[in-house]
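Undergrad:
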Amino acid sequence: MLSNYNRFKCLLVAVILFSGLAIIPYSFATNCQFDKGFKPEITNLSFGTLYVPRDKPIGTTIYEYRADELDNKGNIFYCDKIINTSWGYTAYKSADYNKDAIYESGIPGVGIRINTWGPGYGLDWLPRITHNPVSCDHSNRWYCGNTWGYLTIQLIKIAPTTGSGFVKSDQLIQARVNDRIVHTYRLGNTRIITKSCSLKDTNITVPMGNIKKSDFSGVNSTAGGKDFEVILDCDDNVQIQLMLDGKKAKNSLNHVWALDQNYNRTTASGIGMQILYNNQPVIIHSQINIGNSYSGGKYSIPLRARYFQTDRNITPGQANATATMTLTYQ
Numbered sequence: 001m002l003s004n005y006n007r008f009k010c011l012l013v014a015v016i017l018f019s020g021l022a023i024i025p026y027s028f029a030t031n032c033q034f035d036k037g038f039k040p041e042i043t044n045l046s047f048g049t050l051y052v053p054r055d056k057p058i059g060t061t062i063y064e065y066r067a068d069e070l071d072n073k074g075n076i077f078y079c080d081k082i083i084n085t086s087w088g089y090t091a092y093k094s095a096d097y098n099k100d101a102i103y104e105s106g107i108p109g110v111g112i113r114i115n116t117w118g119p120g121y122g123l124d125w126l127p128r129i130t131h132n133p134v135s136c137d138h139s140n141r142w143y144c145g146n147t148w149g150y151l152t153i154q155l156i157k158i159a160p161t162t163g164s165g166f167v168k169s170d171q172l173i174q175a176r177v178n179d180r181i182v183h184t185y186r187l188g189n190t191r192i193i194t195k196s197c198s199l200k201d202t203n204i205t206v207p208m209g210n211i212k213k214s215d216f217s218g219v220n221s222t223a224g225g226k227d228f229e230v231i232l233d234c235d236d237n238v239q240i241q242l243m244l245d246g247k248k249a250k251n252s253l254n255h256v257w258a259l260d261q262n263y264n265r266t267t268a269s270g271i272g273m274q275i276l277y278n279n280q281p282v283i284i285h286s287q288i289n290i291g292n293s294y295s296g297g298k299y300s301i302p303l304r305a306r307y308f309q310t311d312r313n314i315t316p317g318q319a320n321a322t323a324t325m326t327l328t329y330q
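The opening residue of the sequence shown carries number 1 in UniProt numbering; numbering runs sequentially from there.
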């Protein structure tokens, strides 16, 4: 009889242990419990292909996404005591930028900033923990998606130049209550392309040849036209803009360049230099919309240089002029 009683007692203990295991997935603390039917979810984010203009300043937001998948959820867990909730547990490394909480994306010059807008979390380095989270009912016992709130996820330019390629695919951030996972965001399938063009030649010399004084017919007349081109090698779908700078000639409008002065005083006088695009004089320090590179590759900007008479009297001499070119891309 004693032996049978012991076997029965052991069997009863086994049943009690088994029953305890059955309720563990629904309860994570002595006085807290997930809402029935709740399951942690994973949101996979993809920002697609993003183009970054090379001339954008450091700190520019390349892309921003509002993540409110968790924020919109109803009751998630019940707890009759104060607990901790948190955002954190990212797989991305900290970036060295302006002491801000920005993480490396895997693309040079591009960082990831994760803004948590729920009350009490702040914007410091992850994890961000609140010890008095916002409840979602008058009893102060139920907690919902608003307990964490929404996120804004930003891709930020953090260096003078940016690279191209796919952002590292990994765990972006995770919402937790105590040590239990509530929601996970992952980032993947996001490509960065830095829009840019490179100059085939950064120093372009245009030989104007010899021009006679008699080739001019008076003030505002022109002589000695010469065609030249600026050749670029561009990525696809780059919007190109051109600006030419230099010293304005005396007694002229802003579309005539002054001649370079020589120390031996052999510079010609009474004339200046014009540069034309699409047969129209280029205004000094004025931006011109050139066009789109579309499929990329070689892109040519055709220009024309000519002399322009600015005064009634012309004296012979060297007639060189210098223009500085600035290209911008969007």
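Even glycine gets a Cβ: it sits at the ideal position worked out from N, Cα and C.
To which residues of the same chain is Ser27 closer than 8 Å at the C-beta, ignoring the five residues directly before and after it?
TA: Start at 1 with the first residue of the sequence shown, and residue 27 comes out as number 27. Confidence is the limiting factor: at Ser27 the pLDDT is only 47, short of 50, which leaves the residue's position unreliable, though a coordinate-based value still follows. Same-chain partners within the cutoff: Gln33, Phe34.
Undergrad: Any beta-carbon of chain E closer than 8 Å to the one on Tyr299?
TA: Included in the structure is just one protein chain, with no chain E present.
Undergrad: Any idea what DSSP makes of Ser214, helix, strand or coil?
TA: Here the question's residue 214 lines up with position 214 in the sequence shown. Ser214: helix per DSSP, three-state reduction.
Undergrad: With which residues is Ile76 paired in a DSSP beta bridge?
TA: Translated into positions along the sequence shown, residue 76 becomes position 76. None, per the DSSP bridge assignment.
Undergrad: Do the CB positions of Ile62 and Val52 come within less than 8 Å of each other?
TA: As a working mapping, residue 62 is identified with position 62 in the sequence shown. As a working mapping, residue 52 is identified with position 52 in the sequence shown. Closer than 8 Å, so yes.
Undergrad: Reducing DSSP to helix, strand and coil, say where Thr190 ends up.
TA: Walking along the sequence shown from the start, residue 190 turns up at place 190. Strand, per DSSP.
Undergrad: DSSP three-state call for Thr147: helix, strand or coil?
TA: Here residue 147 refers to the residue found at position 147 when the sequence shown is read from its first residue. The answer is helix: DSSP assigns Thr147 an H, G or I state.
Undergrad: So what does DSSP say about Ile314, is it helix, strand or coil?
TA: Residue mapping note: residue 314 aligns to position 314 of the sequence shown, counting from 1. Coil.
Undergrad: Using 10 angstroms around the beta-carbon of His183, count the other beta-carbons present and answer buried if the total reaches 16, otherwise exposed.
TA: Numbered from 1 along the sequence shown, position 183 holds the residue referred to as residue 183. Label assigned to His183: buried.
Undergrad: Is DSSP giving Val230 helix, strand or coil here?
TA: Taking the sequence shown and counting its residues from 1, one reaches residue 230 at position 230. Of the three classes helix, strand and coil, the one that applies to Val230 here is strand, per DSSP.
Undergrad: Since I believe Ile107 is in contact with Ile231 (beta carbons under 8 Å), could you give me their beta-carbon distance rounded to a whole number of angstroms?
TA: The residue labelled residue 231 in the question sits at position 231 within the sequence shown. The residue labelled residue 107 in the question sits at position 107 within the sequence shown. Actually they do not touch by this definition, with Cβ atoms about 28 Å apart.
Undergrad: Indicate the three-state DSSP secondary structure (helix, strand or coil) for Gln171 in the structure shown.
TA: For the purposes of this step, residue 171 is identified with residue 171 of the sequence shown, where counting begins at 1. Gln171 falls in the strand class under three-state DSSP.
Undergrad: Ends of the beta strand (DSSP E) at Val52?
TA: As a working note, residue 52 is residue 52 in the sequence shown. Its beta strand (DSSP E) spans residues 48–53.
Undergrad: By a C-beta neighbour count over all protein chains shown, 10 Å radius and 16 as the cutoff for buried, is Gly122 buried or exposed?
TA: Within the sequence shown, residue 122 is the residue found at index 122, counting from 1. Looking at its Cβ environment, which holds fewer than 16 other Cβ atoms inside 10 Å, Gly122 is exposed.
Undergrad: By Cβ distance, which residues of its chain are closer than 7 Å to Ser105, with the 5 residues on each side in sequence left out?
TA: Translated into the one-based positions of the sequence shown, residue 105 becomes position 105. If we look at Ser105 and ignore the five residues flanking it on each side, its Cβ neighbours are Gly111, Ile112, Leu155, Val167, Lys168.
Undergrad: In angstroms, rounded to a whole number, what distance separates the CA positions of Ser94 and Asp100?
TA: Along the sequence shown, one-based indexing puts residue 94 at 94. Along the sequence shown, one-based indexing puts residue 100 at 100. So the two alpha carbons sit approximately 9 Å from each other.
Undergrad: Let me know the secondary structure DSSP gives Val219 once reduced to three states.
TA: By 1-based counting over the sequence shown, the position of residue 219 is 219. In the structure shown, Val219 sits in coil (DSSP, three-state: anything other than H, G, I, E or B).
Undergrad: Leaving out the 5 sequence neighbours to the left and right, which residues in its chain are closer than 8 Å to Trp125 when beta-carbon positions are compared?
TA: Residue mapping note: residue 125 aligns to position 125 of the sequence shown, counting from 1. Excluding sequence neighbours, Trp125 sits near Ser94, Ala101.
Undergrad: Starting from Thr202, follow its DSSP beta bridges and name the residues at the other end.
TA: If you number the sequence shown from 1, residue 202 lands on position 202. Answer by DSSP bridge pairing: none, since Thr202 is not bridged.
Undergrad: Using the beta-carbon count (16 or more within 10 Å), is Ser293 buried or exposed?
TA: Here residue 293 is taken as the residue at index 293 of the sequence shown, counted from 1. Burial call: buried.
Undergrad: Return helix, strand or coil for His285, following the three-state DSSP convention.
TA: Here residue 285 refers to the residue found at position 285 of the sequence shown. Looking at His285 - three-state DSSP - the assignment turns out to be coil, as it is neither helix nor strand.
Undergrad: In whole angstroms, give me the CA-to-CA distance for Lys200 and Ala91.
TA: As a first step, residue 200 must be located in the sequence shown, where it is residue number 200. As a first step, residue 91 must be located in the sequence shown, where it is residue number 91. Taking the straight line from one Cα to the other gives about 41 Å.
Undergrad: Reducing DSSP to helix, strand and coil, say where Lys93 ends up.
TA: If you number the sequence shown from 1, residue 93 lands on position 93. Note: Lys93 maps to coil in three-state DSSP.
Undergrad: Less than 8 Å between the beta carbons of Leu259 and Thr266, yes or no?
TA: The residue you call residue 259 lines up with position 259 of the sequence shown. The residue you call residue 266 lines up with position 266 of the sequence shown. Not closer than 8 Å, so no.
Undergrad: On the criterion of 16 or more Cβ atoms from any shown chain inside 10 Å, does Ala22 qualify as buried, or is it exposed?
TA: One-based indexing of the sequence shown puts residue 22 at position 22. Below a pLDDT of 50, predicted positions are generally treated as unreliable, and Ala22, at 33, falls in that range; no measurement from the model is reported.
Undergrad: With Glu41 as the anchor, note down where its beta strand (DSSP E) starts and where it stops.
TA: Against the sequence shown, residue 41 aligns to sequence position 41. Its beta strand (DSSP E) spans residues 41–45.
Undergrad: Whole angstroms are fine: how far does the CA of Arg141 sit from the CA of Ala29?
TA: The residue given as residue 29 occupies position 29 in the sequence shown. The residue given as residue 141 occupies position 141 in the sequence shown. Model confidence at Ala29 stands at a pLDDT of 47, short of 50, so the residue's coordinates are unreliable; what they give is reported in the following sentence. Spanning the two alpha carbons is a distance of roughly 14 Å.
Undergrad: Give the secondary structure of Gln274 by DSSP, where H, G and I count as helix, E and B as strand, and everything else as coil.
TA: Start at 1 with the first residue of the sequence shown, and residue 274 comes out as number 274. It is a strand residue.
Undergrad: Can the beta-carbon of Ile284 be found closer than 8 Å to that of Asn254?
TA: Stepping through the sequence shown from its first residue, residue 284 is reached at position 284. Stepping through the sequence shown from its first residue, residue 254 is reached at position 254. It is a contact, given that the beta carbons lie within the stated cut-off.
Undergrad: Please tell me whether Tyr143 and Leu45 are closer than 8 Å, where the distance is taken between their beta carbons.
TA: Against the sequence shown, residue 143 aligns to sequence position 143. Against the sequence shown, residue 45 aligns to sequence position 45. No, Cβ-Cβ distance for Tyr143 and Leu45 is not below 8 Å.
Undergrad: Find out if the Cβ-Cβ distance for the pair Asp233, Gly297 is shorter than 8 Å.
TA: Locating residue 233 in the sequence shown gives position 233, where the first residue counts as 1. Locating residue 297 in the sequence shown gives position 297, where the first residue counts as 1. Yes, they are a contact pair.
Undergrad: Can the beta-carbon of Ile211 be found closer than 8 Å to that of Ala319?
TA: By one-based count along the sequence shown, residue 211 stands at place 211. By one-based count along the sequence shown, residue 319 stands at place 319. Yes, the pair counts as a contact, with Cβ atoms nearer than the cut-off.
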